[in-house]
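Q: First the structure, which I've put down as structure tokens, then a few questions once you've had a look.
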Amino acid sequence: MWKFILRRLIIAIPQLILLSLFVFLLAQAMPGDALTGLIGDPDLPPEVIQEMRVAMGVDNPWYIQYKDWVLNALQGDFGRSFARKVPVTDLIESRVWNTVWLSLFSTILIYLMGIPLGIISGKYHDTIRDRLITGYTYVGFATPLFIFALIMLLVFGFMLRWFPTGGSVTPGLEPGTLEYVLSKINHLILPSFSIALIGITGTVQYLRSEIVDTKQKDFVRLARSKGVSEKRLYNKHIFRNSLMPVAALFGYEITLLISGSIFVEAIYTYPGMGQLFVQSINTRDFSVVTALVLIFGLAYILGGLLSDIIMSLVDPRIRIK
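Those letters in the sequence shown? Residues 1 to 321, by our numbering.
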């Protein structure tokens, strides 16, 4: 197992290098440059602007700028936010836990709702229950997340006023108190359900397909012919084997939610990394944009590693020694 983890980590190194190079070149190709956000006075003399460019190093060849950026990033220094005039690391640290909690809360909801629905749909396939569940998944696949989030915000936030319509906590509460924690949870509910009610579609479909397929396998037919009860047959043989692909996607599920919560955070004005990403693009805050894209890419690579490890643990047939 440790050899497998080490091998996957080694494979991840060139992926990270290519990712960092792609992110850097993409930022270089964007209109303007790192100096754009610093120039507040449009009447600055050209010679002053040129001095600022030289001082910041934006006139250096791209490979020198890339080398300096990578060396600083390895030390946790992504530069300063040109729009907010604070270190990028401090800015991301102030947002990262909001996104992490939103992603974890959404993941829990996805599995709490998706697994029972997938089991019911697979166990009673081609019945009215199965048709209702699969009908919802088809609608979920066809509905863009931002449209669904807007509808949820309109109905439960503005019309019914059951949940807050923005922010991550009620202003004025002292961190660490019970009221503060309850307020954080209350602000998480609506955006998390918006993500989860769309996110369960994949889990339900995967699990349903696996259950329907597993029910037709020879070892299930053999167990049924030996008189094994249906309850024991489903619990011990069918469900256990059908859950493996769902468990294997767990790592990808979390990382995709971390990077995919951009629309939801923007719609709910939830102060996480997704909202910061959109704001930084609008203000051409290149240092923040490149740092966030690199973090999202790193999370996806680590999520793939986590999924491979989980799959090798739950399925002895493919376990790598």
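From the three backbone atoms N, C-alpha and C, an ideal C-beta is built for every residue, glycine too.
1. If you drop the 5 nearest sequence neighbours on each side, which residues of the same chain put their C-beta closer than 7 Å to that of Phe24?
2. For Lys321 and Arg7, I'd like the C-alpha separation in whole angstroms.
3. Helix, strand or coil: which one does DSSP assign to Pro271?
4. Taking the alpha-carbon positions, what's the Arg161 to Pro87 distance?
5. Quick one, which of Phe296, Ile295, Ser287 and Tyr300 has its alpha-carbon nearest Ser81's?
6. Taking the Cβ atom as the reference point for each residue, do Val181 and Thr137 lie within a distance shorter than 8 Å?
7. Is Pro61 helix, strand or coil when you go by DSSP?
8. Quick one: is Ser103 buried, meaning 16 or more other Cβ sit within 10 Å of its Cβ, or exposed?
9. Please look up how many angstroms separate the CB atoms of Leu207 and Gly118, rounded, as I've assumed it's under 8 Å.
10. Starting from the Cα of Gly172, find the closest Cα among Thr165, Phe163, Ser183 and Leu302 and give me that residue.
11. Would you decide whether Ile265 is buried or exposed? Buried here means 16 or more other CB atoms lie within 10 Å of its CB.
12. Is the region 271-280 in contact with the region 91-98, if contact means three or more CB pairs nearer than 8 Å?
13. Round the Cβ separation of Ser307 and Leu249 to the nearest angstrom and send it over; I've been treating them as touching at under 8 Å.
14. State the start and end residues of the unbroken alpha helix (DSSP H) segment that holds Ile238.
15. Which whole-angstrom value describes the C-beta separation of Ser194 and Phe148, a residue pair presumed to lie in contact below a C-beta threshold of 8 Å?
16. Can you give the Cα-Cα distance for Thr99 and Gly227, rounded to whole angstroms?
17. Please determine, among Glu210, Gly199 and Thr89, the residue with the shortest C-alpha to C-alpha distance to His125.
18. Shortest alpha-carbon distance to Asp77 belongs to which of Phe158, Leu188, Thr89 and Arg84?
19. Quick one: Cα of Leu109 to Cα of Ile115, how far?
20. Could you tell me the distance, in whole angstroms, from the CA atom of Leu190 to the CA atom of Thr165?
A: The answer reads as follows:
1. Only Tyr66, Trp69 and Thr290 meet the Cβ criterion.
2. Summary for Lys321: the model assigns pLDDT 49, below 50, so the residue's position carries little reliability; its value from the coordinates is reported in the next sentence. Answer to the nearest angstrom: the Cα atoms are 12 Å apart.
3. Residue state, collapsed to three classes: coil.
4. Rounded to the nearest angstrom, the gap between the Cα atoms of Arg161 and Pro87 is 37 Å.
5. For Ser81, the closest alpha carbon among the candidates Phe296, Ile295, Ser287 and Tyr300 is that of Ser287.
6. No, Cβ-Cβ distance for Val181 and Thr137 is not below 8 Å.
7. In the structure shown, Pro61 falls within a coil segment according to DSSP collapsed to helix, strand and coil.
8. Buried, because 16 or more other Cβ atoms sit within 10 Å of the Cβ of Ser103.
9. Taking 8 Å as the upper bound for CB-CB distance, Leu207 and Gly118 are in contact here, some 3 Å apart.
10. When each option's Cα is compared against that of Gly172, the closest is Ser183.
11. Correcting the residue identity first, residue 265 is Glu in this sequence and not Ile. That one is buried.
12. Between the region 271-280 and the region 91-98, the count of C-beta pairs closer than 8 Å reaches three or more; the two stretches touch.
13. Contact check for Ser307 and Leu249: beta-carbon distance about 6 Å, within the 8 Å limit, so the pair qualifies.
14. Neither: Ile238 is in no alpha helix (DSSP H) and is coded neither H nor E.
15. The Cβ separation is near 6 Å, so the contact holds.
16. So the two alpha carbons sit approximately 50 Å from each other.
17. Across the set Glu210, Gly199 and Thr89, the C-alpha of Glu210 shows the shortest separation from the C-alpha of His125.
18. The residue with the shortest Cα to Cα distance from Asp77 is Thr89.
19. In a straight line, the C-alpha of Leu109 is about 10 Å away from that of Ile115.
20. In a straight line, the C-alpha of Leu190 is about 8 Å away from that of Thr165.
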